[in-house]
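Trainee: This is the structure, below, for whatever I ask next.
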Amino acid sequence: QKEVEQNSGPLSVPEGAIASLNCTYSDRVSQSFFWYRQYSGKSPELIMSIYSNGDKEDGRFTAQLNKASQYVSLLIRDSQPSDSATYLCAVRGTGFQKLVFGTGTRLLVSP
Amino acid sequence: NAGVTQTPKFQVLKTGQSMTLQCAQDMNHNSMYWYRQDPGMGLRLIYYSASEGTTDKGEVPNGYNVSRLNKREFSLRLESAAPSQTSVYFCASRPTSGDTNEQFFGPGTRLTVL
């Protein structure tokens, strides 16, 4: 079992819709969770971090964390074509220094 | 601030050649990281340096060496390149205040080994 799992996609949504991206992780002691956005040919860019159960909102983005289910998600409201990218879920593992990344979900937002 | 910079941006090597990938950050971060990214494999940690003077192996260290030259610079060396090392290499750094584990990435080096 991979430590951090994501559906590779692509996830296709029309412009203006809500995109829902999901991630599960295996290490129950994980404490910090991150979503990175990566455009094709570019480096990952942090867009959300979440540390406690529940929802965290930042503009059109909402991160949701459920530690009991070992599940973290990212909702993108009013999706725009510029949101088309690969979204990487990252989890701080048992080593404080290290992040473990999922393989990413490719999101396509059509006009 | 330039953030995290990497050189070169592109490189083509022949099998058996050596090279060093350079990384520097101007954010006064203590921790620095080297990752490789391959299609379908995500980002995999090669080596990291928690602070100046220390380095530790990550998930895929074989075939690589690193040097933390000073607080700003963290280099990755391929002593004898192999086609399996064809990849995109990212350097990252992390602030040490609080318990945040945000990592900031450089633009990447695209390496092809023939």
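Chains as they are written, first to last, in this note's numbering: chain A, 47 to 157; chain B, -15 to 98. Where is the CB? At the ideal position from N, CA and C, for every residue including glycine.
#1: Looking at C-alpha atoms only, which residue of A:V137, A:A136 and A:Q143 is the closest neighbour of S77 (chain B)?
#2: Which residues in the same chain have their Cβ closer than 7 Å to the Cβ of P157 (chain A), if we skip the five residues on either side of it in sequence?
#3: Quick one: measure Cβ to Cβ for S33 (chain B) and R52 (chain B), integer angstroms, because I've assumed they're closer than 8 Å.
#4: Suppose you measure from the CA of T108 (chain A) to the CA of F74 (chain B); what does that come to, to the nearest Å?
#5: Suppose you measure from the CA of S8 (chain A) to the CA of T149 (chain A); what does that come to, to the nearest Å?
#6: Below 8 Å on C-beta distance, what does P67 (chain B) contact in chain A?
#7: Starting from the beta carbon of F147 (chain A), find every residue of chain B whose beta carbon is closer than 7 Å, and list them in chain order.
#8: Can you tell me whether S106 (chain B) is buried or exposed, with buried defined as 16 or more other CB within 10 angstroms of its CB?
#9: Does P60 (chain A) come out as helix, strand or coil in the three-state DSSP assignment?
#10: Residues in its own chain within less than 6 Å of Q110 (chain A) by CB, not counting five upstream and five downstream?
#11: Unbroken alpha helix (DSSP H) runs of length 4 or more, entirely within the segment 5 to 30 of chain B: which are they?
#12: Applying a beta-carbon distance threshold of less than 9 Å, which residues of chain A neighbour G92 (chain B)?
#13: Can you list, in chain order, the residues of its chain with a C-beta nearer than 6 Å to that of E67 (chain A)? Leave out the 5 residues immediately preceding and following it.
#14: In terms of residues, what are the limits of the beta strand (DSSP E) holding S89 (chain A)?
#15: If contact means a Cβ-Cβ distance below 8 Å, which residues of the segment 102 to 118 of chain A contact chain B?
#16: What is the residue span of the beta strand (DSSP E) that S51 (chain B) lies within?
#17: Against chain A, which members of the segment 42 to 75 of chain B pass a CB distance test of less than 8 Å?
Mentor: In brief:
#1: A:Q143
#2: E61 and P127
#3: 4 Å
#4: 27 Å
#5: Nothing about residue 8 (chain A) can be read from this structure; chain A reaches only from 47 to 157.
#6: In chain order: nothing, as chain A lies at least about 21 Å away.
#7: G26 and L27
#8: Outside the displayed span of chain B (-15 to 98) sits residue 106 (chain B), for which this structure offers no information.
#9: strand
#10: D101 and S119
#11: none
#12: Simply G87, K88 and S89.
#13: The displayed chain sequence assigns Leu, not Glu, to residue 67 (chain A). Within the same chain, L67 (chain A) has close Cβ partners L120, Y133 and T151.
#14: DSSP places S89 (chain A) outside any beta strand (DSSP E), giving it a letter other than H or E.
#15: The segment 102 to 118 of chain A vs chain B, Cβ under 8 Å: nothing.
#16: Y48 to R52
#17: G42 and F74
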